[in-house]
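For reference, the structure discussed in these notes is given below.
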Amino acid sequence: MGEWWTRIGTMSGVSRKGLRSLLLLVCWQLWLERNVRMFQRTERHARVLLSHIRDETRTWESAGAKHLATLFEGA
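Using our numbering, the final residue of the sequence shown is 64, and nothing's skipped along the way.
Put into structure tokens, the structure is as follows:
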């Protein structure tokens, strides 16, 4: 993850803050899914998890993550 973080910092033509926010969001959601699988012994299908990550991305955008929102303009 550290290498990804560094590489994002050297990218041009994209929102570096947005990509870093997205990286943190995805890692956080994967960690939460891991906890559910470990402690509740249940799991979501990958498609459901991806849909949840998309929903959470929209929530972060609504909460003011403007750099994250720029990644998905026109999409």
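Here a beta-carbon is modelled for each residue, glycine too, at the ideal position from N, C-alpha and C.
Look at V3 here: in three-state DSSP terms it is coil, with no helix or strand label.
Where A35 is concerned, the enclosing alpha helix (DSSP H) starts and stops at 35 to 51. Cβ-Cβ distances below 7 angstroms link E22 to R33, L38 in the same chain, with the five nearest sequence neighbours on each side left out; the list follows chain order. L57 is positioned such that its CB atom lies closer than 8 angstroms to that of T46. In the three-state scheme derived from DSSP, where H, G and I count as helix and E and B as strand, T31 is classed as coil.
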